[in-house]
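Protein chains in written order, with this note's numbering: chain A, 5 to 380; chain B, 64 to 372.
Next comes the structure, spelled out in C-alpha cells:
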C-alpha cells in the first residue's frame, strides 16, 4: 500500500485527511469565538431578544469550542479500525474517490452529490468533463471505480462497510471552500454590521403594523388598572366602573415637565381602545422613537412618523410600529432613522375609516438610543 | 428600489447575523445528536422499535415531534444519520417535515401569537398542527411508492446500503467517542455551509422585499394563500417566531396565514440548501412543488369549511 500524501513534514506531519479535519476544526473555532464574544460583549442584545435565546448563543459557542478542541486533541487518533486493514491515522486509500477531488464525480453517480456544493469550483476546475448531461446510471459506478489504471492507484471496487472516508474527508479544495463559506460571511457581517437597521427602505418593506390587536399582547397589560383595589371595583356597579386618568397615572410616569411617558407601541395601542382614547385626548404625552417620513412616496406637508421595532426572537422578525406626529408649522428638517424625543398633545383623528393616534408636536429633538427590551 | 445604499447593505448583514446567531446553537445540538446516533446507536434498534406496519410507522413519525421536538435547522443532520441507521425513508421524510410544526413549542408560540383573537385564534393554532400532520403523513405515504435511489443523494444512499454499523468493529468506548465527535464536526461544517448560503439569501429578501407586493391578492384566498406561502418561502423564519409575523399581516385571511405557517417550516430558502445534503435536487424540487400544491389546496378548503369564505 502506498502511503497517503503527507501534507506537512517534520514533527507535526499530517496526512491529507487530518489536514482537512483541521480545517474544519478551525472553522468551528471561529464560529465558537464569534458566538461567545457576541454574548460576552453584550452585542448580542441588538440581535436577539429573548434571554434564553441569547444564552443559547453562548452555549452553542461554548459547545462548538469544546467539540473543536476535543477533535484537535484527538486529531491523530485512529478509530480502532486497524484490524480492517486501514487506520485513520495511517494509510488505506482503497476507497474510490479518496484524495481525488478532480475525478471523484466519476466514482459515484453524482445525483445531487457535489452539485449542491455551493462553491464547488475547487474540485472541478481541472476536470475536462462537462457536467451537463453527466447523468451516469448508478450501475456504472462500480466499473468505473474498479479500474486499476485510473490514477495508478489500486482501488477496491466497493467501499468497506461502516466507513465513509469519501472525498469530503480528503478533498483539500472542498474543505478550503467550506472554510471560506463558513468564515468569510460571518466575519464580514460581524465587522460591518451597525447592530441596527439603518435604511428607511427596510422599514417600509417590512410594513407598519396596522391592527392594534397585534400589539395588545405586548402592551395591553401596561394599562391594567393596577391601582384599583378589589373593593373599589366591587363598590361601584360593574357597568359604571370607569378607568380614569388617575388609574393611568398609577402605572405610567410623568416627565419633569408633566408629560405622560408612553412608548410608541403603547400610543399605537390606545387608538384601538375607546376608554384610553377618551382619557388621552388632549393629554400631554412624550415618547421616544426613530423618525421617518410619513409616506415613502409622497412628501406630507405637516406629518412625519415616529416608530419603534417590535421583535419576537431575532432582528429579522422585527415589525415596525408607528404613530403619526403632526407639526402645526409644517415639517421641520430631520434626519431619517435618527432617534428623537417628541412631546406634545394627543389627538385622535378619524381618517379613511381608521382612528389614528396623532401626536401634535410641541417639541421634537434628538435623543440617545434608549436601552429597551425590544432589541435596542 | 434604486441602487443599494450602504444602509441597505447593512440591513441585510444585520438580518443575516441575527438569524445566524440564533440558529447556530440549534444546528450544533442537531449535529451532536447525529454524531452520537452514528457512533452509539445499534443498526437494528430502529427496526426493533418501529411499528412493523409501514402506515402506522408513518403516523407515528408525524407525531414524533411532540416527544422529540426539533427545529428545522437541526433536523437535517439528524435525519441523515437516522436514515443510515435504517430508518425507513417514508417515516424519515414525514418526521423531518412534521417535527418543526407538530411540537409543543411551536404550538405554544402559535397560540400566543393569535391570543388576541380568542377562540378563533386557538382554533387557528391547532389547525396549523392538524393540517401539518395531515399533509406530512400524506407525503410519507406517497413516498412509500418512490424508489429510494431516486430520492437520496448517492453519498447517503451508499452509506445507507453499506451501513453495518461502525459498532461491528470493536472500537472500544474511547474510539467511539472520537468517532462521534468527528461525525458531529463533519455534519456541522457540512450543514453550516449550506445554512450560511440559505440565510444570506433570506436576509436579502427579508430586508429588500416589500411585503405589500402581495397585498393586492389578499382578498382572494385562491391567490392570497399561495402568495403568503411564497412569502414564507423567502423569509425563512423559524417556526417559533413566524406565527407572530403572520398574525400581524392583517390584510390576509386565516387561510392565507395558515399557508404561511404550514409551508414555511417545511420548505423555504434555507431548507432547500439544507435538504440538498441528503436528497437529490430533483426530489427536493418535486417535494417543494408537491408540498406547495397540497398546502395550497388544503388551506383554501380549510378556510371555506371553517369560515365559509
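We treat Cβ as the ideally placed atom computed from N, Cα and C, and that holds for glycine.
Beta-carbon contacts of residue 76/A that lie in its chain and below 8 Å, excluding the five residues immediately before and after: Here the question's residue 76/A lines up with position 72 in the first chain. Result list for residue 76/A: 26, 29, in chain order.
Is there a Cβ from chain B that is less than 7 Å from the Cβ of residue 61/A? One-based indexing of the first chain puts residue 61/A at position 57. Residue 61/A counts as touching chain B.
Proximity to residue 381/B [Cα-Cα], best of 112/B, 288/B, 134/B: Coverage of chain B is limited to positions 64 through 372, which leaves residue 381/B absent and any answer about it impossible.
Using three-state DSSP, classify residue 328/A as helix, strand or coil. As a position in the first chain, residue 328/A is number 324, starting the count at 1. Reduced to three states, the DSSP call for residue 328/A is strand.
Among the candidates 228/A, 320/A, 20/A, whose CA atom is the shortest distance from the CA of residue 175/A? The sequence position of residue 175/A within the first chain is 171, counting from 1. Cα-wise, what sits closest to residue 175/A is 20/A.
On the premise that residue 305/B lies in contact with residue 287/B, defined as a C-beta separation below 8 Å, what is that separation, rounded to the nearest angstrom? Position 224 of the second chain, counted from the start, is the residue given in the question as residue 287/B. Position 242 of the second chain, counted from the start, is the residue given in the question as residue 305/B. The Cβ separation is near 17 Å, so there is no contact.
Which residues in chain B sit within 8 Å of residue 338/A, going by Cβ to Cβ distance? Numbered from 1 along the first chain, position 334 holds the residue referred to as residue 338/A. Under the 8 Å cutoff, chain B gives no residues; its nearest Cβ is about 16 Å from residue 338/A.
Where residue 274/A falls, given that 16 or more other Cβ within 10 Å makes a residue buried: By one-based count along the first chain, residue 274/A stands at place 270. Classification for residue 274/A: buried.
One question on the structure: do residue 365/A and residue 328/A come within less than 7 Å of each other, judged by their Cβ atoms? For the purposes of this step, residue 365/A is identified with residue 361 of the first chain, where counting begins at 1. For the purposes of this step, residue 328/A is identified with residue 324 of the first chain, where counting begins at 1. No; because the gap between Cβ atoms is not below 7 Å, this pair is not in contact.
Range of the contiguous beta strand (DSSP E) that encloses residue 316/B: Locating residue 316/B in the second chain gives position 253, where the first residue counts as 1. Premise fails: residue 316/B is in no beta strand (DSSP E) and is neither H nor E.
How would you list, in chain order, the residues of chain B whose beta-carbon sits under 8 Å from the beta-carbon of residue 272/A? Locating residue 272/A in the first chain gives position 268, counting from the first residue. Going along chain B, no residue has its Cβ under 8 Å from residue 272/A, so there is no contact; the nearest lies around 12 Å.
Would you call the segment 87-103 of chain B and the segment 241-251 of chain B in contact, with 3 or more CB pairs under 8 Å? yes
With a CB to CB cut of under 6 Å and the five nearest residues on each side skipped, what residues in its chain are close to residue 128/B? Stepping through the second chain from its first residue, residue 128/B is reached at position 65. Same-chain partners within the cutoff: 161, 162, 165, 166.
Proximity to residue 187/B [Cα-Cα], best of 144/B, 256/B, 340/B, 319/B: Residue mapping note: residue 187/B aligns to position 124 of the second chain, counting from 1. Looking at the Cα atoms, 319/B is the closest of the given residues.
Just to make sure I have the definition right: I need the residues of chain A whose C-beta is within less than 7 Å of the C-beta of residue 301/B. Which are they? Stepping through the second chain from its first residue, residue 301/B is reached at position 238. Those are 317, listed as they occur along chain A.
What are the residues that DSSP puts in a beta bridge with residue 351/A? By one-based count along the first chain, residue 351/A stands at place 347. DSSP lists 362/A as partners of residue 351/A.
Would residue 73/B count as contacting chain A if we go by Cβ distances under 7 Å? Counting from one through the second chain, the residue named residue 73/B turns up at place 10. It does; some Cβ of chain A falls within 7 Å.
Which bits of chain A does residue 274/B rub up against, with CB to CB less than 8 Å? Along the second chain, one-based indexing puts residue 274/B at 211. By Cβ distance, chain A contributes 209, 210, 211.
What did DSSP end up calling residue 166/B once you bin it into helix, strand or coil? The count along the second chain starts at 1 and reaches residue 166/B at position 103. It is coil, neither helix nor strand.
Candidates 44/A, 63/A, 82/A, of which the one nearest residue 22/A by Cα: Numbered from 1 along the first chain, position 18 holds the residue referred to as residue 22/A. That would be 82/A, whose Cα lies nearest to the Cα of residue 22/A.
Contacts around residue 35/A, its chain only, beta-carbon distance under 6 Å, and the 5 residues preceding and following it disregarded: To locate residue 35/A, count along the first chain from 1; it is residue 31. Closer than 6 Å at Cβ, skipping near neighbours: 68.
Please classify residue 119/B as buried or exposed, where buried requires at least 16 neighbouring CB atoms within 10 angstroms. Looking up residue 119/B in the second chain gives position 56. It counts as exposed.
For residue 313/B, would you say it is in contact with chain A, using Cβ-to-Cβ distances shorter than 7 Å as the test? Position 250 of the second chain holds residue 313/B. Interface residue, yes.
State the beta-bridge partners of residue 288/A as determined by DSSP. To locate residue 288/A, count along the first chain from 1; it is residue 284. Beta-bridge pairing links residue 288/A to 349/A.
Please say whether residue 290/A and residue 247/A have beta carbons closer to each other than 7 Å? The sequence position of residue 247/A within the first chain is 243, counting from 1. The sequence position of residue 290/A within the first chain is 286, counting from 1. In this structure, residue 290/A does not lie closer than 7 Å to residue 247/A by Cβ.
Looking at the unbroken alpha helix (DSSP H) that takes in residue 268/A, where does it start and where does it end? The sequence position of residue 268/A within the first chain is 264, counting from 1. Residue 268/A -> alpha helix (DSSP H) spans 268-274.
Compile a chain-ordered list of the residues in the segment 111-140 of chain B whose CB is closer than 8 Å to at least one CB of chain A. none
What in chain B is Cβ-close to residue 48/A, meaning under 9 Å? Counting from one through the first chain, the residue named residue 48/A turns up at place 44. Here the neighbours are 84.
Quick check on residue 370/B: does DSSP put it in helix, strand or coil? Residue 370/B sits at position 307 when you count from the first residue of the second chain. Of the three classes helix, strand and coil, the one that applies to residue 370/B here is helix, per DSSP.
Taking the C-alpha atoms as reference points, what is the distance between residue 211/A and residue 200/A? Against the first chain, residue 211/A aligns to sequence position 207. Against the first chain, residue 200/A aligns to sequence position 196. If I take the Cα positions, the gap works out to 17 Å.
Inter-residue Cα distance where the pair is residue 340/A and residue 326/A: For the purposes of this step, residue 340/A is taken as residue 336 along the first chain, with counting starting at 1. For the purposes of this step, residue 326/A is taken as residue 322 along the first chain, with counting starting at 1. Cα to Cα, residue 340/A sits roughly 14 Å from residue 326/A.
When DSSP builds the beta bridges, which residues end up paired with residue 369/A? On the first chain, residue 369/A is found 365 positions in, with the first residue counted as 1. Answer is 345/A.
Quick one: using the 10 Å Cβ neighbour count with 16 as the cut-off for buried, is residue 323/A buried or exposed? Translated into the one-based positions of the first chain, residue 323/A becomes position 319. Buried, by the Cβ-count rule.
Could you round the C-beta distance between residue 79/B and residue 260/B to whole angstroms and report it? I think they count as a contact, below 8 Å. The residue you call residue 79/B lines up with position 16 of the second chain. The residue you call residue 260/B lines up with position 197 of the second chain. No, residue 79/B and residue 260/B are not in contact; Cβ-Cβ is about 11 Å, not under 8 Å.
Considering residue 307/B, what are the terminal residues of the beta strand (DSSP E) in which it resides? Position 244 of the second chain holds residue 307/B. Element bounds for residue 307/B: not the beta strand (DSSP E) but the alpha helix (DSSP H), 305-310.
Kindly indicate the opening and closing residues of the alpha helix (DSSP H) around residue 94/B. As a working mapping, residue 94/B is identified with position 31 in the second chain. Looking at the DSSP string, the run of the alpha helix (DSSP H) that includes residue 94/B is 69-103.
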